[in-house]
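>
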Amino acid sequence: MSQKLQNATKNQETVFVFSAHSDDFVIGCGGTIAKYAKLGINVRCYVFSYGEKSHPWMAAAEVKKMRADECYAASEVLGCNTKIFDLMELSIRSDAKLKGTVKFLEKQVEKYRPSKIFVHSKEDPHPDHKDVHALSMQLIKRIDEKLIPDVYVYSVWNPFEFKTTYPSMFVDVKDNFETKLEAMRKFPSQTVHVIFPVFLLLFRGFKDGFFSGHKLAEKFFLVKTSSITAVTAVKKKIKLKEKRLK
Ligand SMILES: [Zn+2]
């Protein structure tokens, strides 16, 4: 039996990661993905756009192929299954509406019943990242309440802390950080953009690790949850915030 089939037949835990561009999930949660995959968790990443505008001097089809190849190579290193939606960069939200992406994701949630979804933060300055956050919240509103997973936000470029009061989760990625960096090296087309974040990541990894008592950690914020423990309080807080926003 193939590894994939074996995994499908096991009643294993599934985690989703939503990523606006082909490298965000690696930068934002690569260590956590590698760690979960090693624990036998089925990690499924959904990339919303190829990021075809990164190389304006090349034909879009060529850029898409290059970025898809890099993305799948990085996914193999991390041990996750990755699907790329071909949504238009800088128009992700409207294109997703046209193509029924949220509906598709709703079916994926029904099929795989993820325990956690990692998404971009609405405080992220990049418009595509904001769009993916908004689509994620649309999805959460649509799915059956029994299927609502814990929803965590992650940061990509933002060197600053999110100004959030949501509870944070530190994942110790000391043993997975090298895998994360190896996955990042699968994006040679992004070298120019990646040099700065690598330093940032190392800094942030050590800093988050320092504050959480681990040597290297990735930090997330829990923004939605269905579980009754901890979390009644969080729900109340979210409801209060939502009320304030109305
Ligand atoms: Zn991005």
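Numbers given in our numbering equal positions in the sequence shown, counted from 1, plus 1. Positions of the beta carbon are idealized from the N, C-alpha and C atoms, including for glycine. The structure presented is a predicted model; accordingly, all values stated were derived computationally and were not measured.
(1) Going by C-alpha distance, which of K142, E14, I149, V27 is nearest E183?
(2) Closer than 7 Å to a non-hydrogen atom of ligand 1 - does that hold for the CB of A21?
(3) What does DSSP give as the partner residues of R45 in its beta bridges?
(4) Would you call the segment 34-48 and the segment 77-90 touching, i.e. three or more CB-CB distances under 8 Å?
(5) Does the distance between the C-beta of D96 and the nearest non-hydrogen atom of ligand 1 fall short of 7 Å?
(6) Excluding the 5 residues preceding and the 5 following P150 in the sequence, name in chain order all residues of the same chain whose CB lies nearer than 6 Å to its CB.
(7) Short check: CB of S23 to CB of E71, under 8 Å?
(8) Quick one: is the Cβ of V157 within less than 7 Å of any heavy atom of ligand 1?
(9) Please return the same chain residues whose Cβ sits closer than 7 Å to the Cβ of A61, not counting the five positions on each side in sequence.
(10) From the DSSP secondary-structure annotation, give me the bridge partner or partners of M267.
(11) Count Cβ pairs between the segment 129-148 and the segment 174-188 that sit closer than 8 Å; are there 3 or more?
So, from the data block:
(1) Your numbering for residue 183 matches position 182 in the sequence shown. When only C-alpha atoms are compared, the closest one is V27.
(2) Along the sequence shown, one-based indexing puts residue 21 at 20. Yes, Cβ of A21 sits closer than 7 Å to a heavy atom of ligand 1.
(3) To locate residue 45, count along the sequence shown from 1; it is residue 44. R45 is bridged to F17, N82.
(4) yes
(5) By 1-based counting over the sequence shown, the position of residue 96 is 95. Outside the cutoff, so no.
(6) Within the sequence shown, the letter at position 149 stands for residue 150. Counting only Cβ-Cβ distances below 6 Å, and skipping sequence neighbours, we find P115, S116, K117, I118.
(7) As a working note, residue 23 is residue 22 in the sequence shown. As a working note, residue 71 is residue 70 in the sequence shown. Contact: yes.
(8) Locating residue 157 in the sequence shown gives position 156, where the first residue counts as 1. Yes, since a heavy atom of ligand 1 falls inside the 7 Å radius drawn around the Cβ of V157.
(9) In the sequence shown, residue 61 corresponds to position 60, counting from 1. E53.
(10) Only positions 2 to 247 of the chain appear in the structure, and residue 267 is not among them; the question remains open.
(11) no
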